[in-house]
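Q:
There are 2 protein chains.
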Amino acid sequence: MRRIVVVLVVGVALAGVIASMAPVSGQADGEAAPIFGVTIPPGYRDWRLISVAHEKGNLNDLRAILGNDVAIKASREGTLPYPDGTIIARLAWSYDPLEESEKAFGRLQSFVAGPPKNGVQFMVKDARKYTATGGWGFAQFNDGKPADEAVHNTCFACHETVKARDFVFNRYAP
Amino acid sequence: MRRIVVVLVVGVALAGVIASMAPVSGQADGEAAPIFGVTIPPGYRDWRLISVAHEKGNLNDLRAILGNDVAIKASREGTLPYPDGTIIARLAWSYDPLEESEKAFGRLQSFVAGPPKNGVQFMVKDARKYTATGGWGFAQFNDGKPADEAVHNTCFACHETVKARDFVFNRYAP
Numbered sequence: 004m005r006r007i008v009v010v011l012v013v014g015v016a017l018a019g020v021i022a023s024m025a026p027v028s029g030q031a032d033g034e035a036a037p038i039f040g041v042t043i044p045p046g047y048r049d050w051r052l053i054s055v056a057h058e059k060g061n062l063n064d065l066r067a068i069l070g071n072d073v074a075i076k077a078s079r080e081g082t083l084p085y086p087d088g089t090i091i092a093r094l095a096w097s098y099d100p101l102e103e104s105e106k107a108f109g110r111l112q113s114f115v116a117g118p119p120k121n122g123v124q125f126m127v128k129d130a131r132k133y134t135a136t137g138g139w140g141f142a143q144f145n146d147g148k149p150a151d152e153a154v155h156n157t158c159f160a161c162h163e164t165v166k167a168r169d170f171v172f173n174r175y176a177p
Numbered sequence: 004m005r006r007i008v009v010v011l012v013v014g015v016a017l018a019g020v021i022a023s024m025a026p027v028s029g030q031a032d033g034e035a036a037p038i039f040g041v042t043i044p045p046g047y048r049d050w051r052l053i054s055v056a057h058e059k060g061n062l063n064d065l066r067a068i069l070g071n072d073v074a075i076k077a078s079r080e081g082t083l084p085y086p087d088g089t090i091i092a093r094l095a096w097s098y099d100p101l102e103e104s105e106k107a108f109g110r111l112q113s114f115v116a117g118p119p120k121n122g123v124q125f126m127v128k129d130a131r132k133y134t135a136t137g138g139w140g141f142a143q144f145n146d147g148k149p150a151d152e153a154v155h156n157t158c159f160a161c162h163e164t165v166k167a168r169d170f171v172f173n174r175y176a177p
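Protein chains in written order, with this note's numbering: chain V, 4 to 177; chain Z, 4 to 177.
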């Protein structure tokens, strides 16, 4: 009986490890982005929400920031710098009027996520690998394909604006 | 050895069941909302993202729609009506300018989630329990406390606008 209990505990622990590894797996999934060599993290669309935003101007999108387990923990606890293993995903969609908004509210006031827009971006923390860019690797994928090198050269310059927050614009939305 | 393998498999399966139960637990957490008796679902902030939105007008917020496992599956597959056990959560935050936006983009164009605003709302599907309201129970909590009955009387009337989509405004954002 004791052996069964021990093995059960090992089994449960093992399953827990497998479950917790799944969303932070660094397994390659498709082509790597230039400069930083980041690939699309498997299962990122299942990650938990850090925050949401609306970009006006040329971007004109609604966006969500998701994080892997390391990112969520650091983000909730306000840990700076973010630990190695952090991956932050930025998804974005067209900023579309909700068709039924006027009927529901008496005027058009609701804007919702339409089709994907402006690609999907990732920030991957590896302090030793990415020393020249604050410990972060950056990547953008458009329709699953890496954007070109010119795009990737713009990432760090913009994120330097928030160097005091370890180069991360978003804050956790409780 | 064979016994160990069997027990291991049982252990792993058991851990999987426990893990998958956690986010859809209906365990009561705090005071129930009027009319529908809905309580705050434990762990809802860890649920996966369905979509995001921006409400202008008096609401003036940025919002995220999260779903429990039943909701995510139905939402991704376009299942209508949503199955019993579906819970959809609507979180909202103040629509705030991002302080560093002008520095990063040359003009203020980024708006992000500030402090929580307009409460947290839930839709709970139980076709037999909520026959009078399309099979949905509605709830709003402000700072963790249920809103009053008058607020809850407005939910279904507004959601009837989207009766053709089983009373759900949001669509899954891929």
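Virtual Cβ for every residue (Gly too), placed ideally from N, Cα, C. In this text, all values refer to a predicted model and were calculated from it rather than measured experimentally.
#1: Hey, A142/Z and F170/Z: beta-carbon distance below 8 Å or not?
#2: Under the assumption that L52/V contacts A150/Z (Cβ atoms under 8 Å), give the Cβ distance between them as a whole number of angstroms.
#3: Could you tell me whether the Cβ of Q112/Z comes closer than 8 Å to any Cβ of chain V?
#4: From the DSSP output, in three-state form, read off E80/V for me.
#5: At what residues does the beta strand (DSSP E) containing A142/V begin and finish?
#6: Grab me the residues of N156/V's own chain with a C-beta within less than 8 Å of its C-beta, minus the 5 sequence neighbours each way, in chain order.
#7: Is the CB of P119/Z under 8 Å away from at least one CB in chain V?
#8: Can you find the residues in the same chain that come closer than 6 Å, C-beta to C-beta, to A176/V, ignoring five residues on each side of it along the sequence?
#9: In chain order, what residues of the same chain have a beta carbon less than 7 Å from the beta carbon of G138/Z, not counting five sequence neighbours either side?
#10: Can you pull the chain Z residues whose beta carbon is under 7 Å from the beta carbon of V165/V, in chain order?
#11: Taking 8 Å as the cut-off, decide whether the C-beta atoms of A56/Z and F114/V are in contact.
#12: For P118/Z and R48/Z, what's the separation of their Cα atoms in angstroms?
#13: Mind checking whether D104/V and K120/V have CB atoms under 8 Å apart?
#14: Between the stretch 58-83 of chain Z and chain V, which residues of the former have a C-beta closer than 8 Å to a C-beta of the latter?
#15: Whose CA, out of E80/Z, V165/Z, K132/Z and W50/Z, lies closest to the CA of N71/Z?
A: In short:
#1: For this step, residue 142/Z is matched to residue 139 along the second sequence. For this step, residue 170/Z is matched to residue 167 along the second sequence. In this structure, F170/Z does not lie closer than 8 Å to A142/Z by Cβ.
#2: Start at 1 with the first residue of the first sequence, and residue 52/V comes out as number 49. Start at 1 with the first residue of the second sequence, and residue 150/Z comes out as number 147. The beta-carbon distance between L52/V and A150/Z, rounded to whole angstroms, is 23 Å. This is too long to meet the 8 Å contact definition.
#3: Taking the first residue of the second sequence as 1, we reach residue 112/Z at position 109. For Q112/Z, the answer is yes, since a Cβ of chain V falls inside 8 Å of its Cβ.
#4: Here residue 80/V is taken as the residue at index 77 of the first sequence, counted from 1. Note: E80/V maps to helix in three-state DSSP.
#5: Mapped onto the first sequence, residue 142/V falls at position 139. Membership of A142/V in the beta strand (DSSP E) is indicated by the continuous run W139 to N145.
#6: For this step, residue 156/V is matched to residue 153 along the first sequence. These residues qualify, in order along the chain: I38.
#7: By one-based count along the second sequence, residue 119/Z stands at place 116. With 8 Å as the cut-off, P119/Z counts as an interface residue toward chain V.
#8: In the first sequence, residue 176/V corresponds to position 173, counting from 1. Correct list, in chain order: S54.
#9: Here residue 138/Z corresponds to residue number 135 of the second sequence, with the count starting at 1. Once the five neighbours on either side are set aside, the close Cβ partners of G138/Z are P84, K128, D129 and A130.
#10: What you label residue 165/V is simply residue 162 of the first sequence in a count that begins at 1. Ordered by position in chain Z, the residues that pass the 7 Å Cβ test against V165/V are E103.
#11: Residue 56/Z sits at position 53 when you count from the first residue of the second sequence. Residue 114/V sits at position 111 when you count from the first residue of the first sequence. F114/V sits close to A56/Z, with the two beta carbons spaced by under 8 Å.
#12: Residue mapping note: residue 118/Z aligns to position 115 of the second sequence, counting from 1. Residue mapping note: residue 48/Z aligns to position 45 of the second sequence, counting from 1. Approximately 15 Å between the Cα atoms of the pair.
#13: For this step, residue 104/V is matched to residue 101 along the first sequence. For this step, residue 120/V is matched to residue 117 along the first sequence. A quick correction: the sequence has Ser, not Asp, at residue 104/V. For S104/V and K120/V, no; Cβs fall outside 8 Å.
#14: Those residues of the stretch 58-83 of chain Z that come within reach of chain V (Cβ to Cβ, closer than 8 Å) are E58, K59, G60, L62, L65, R66, A67 and L69.
#15: Here residue 71/Z is taken as the residue at index 68 of the second sequence, counted from 1. Nearest C-alpha to N71/Z: W50/Z.
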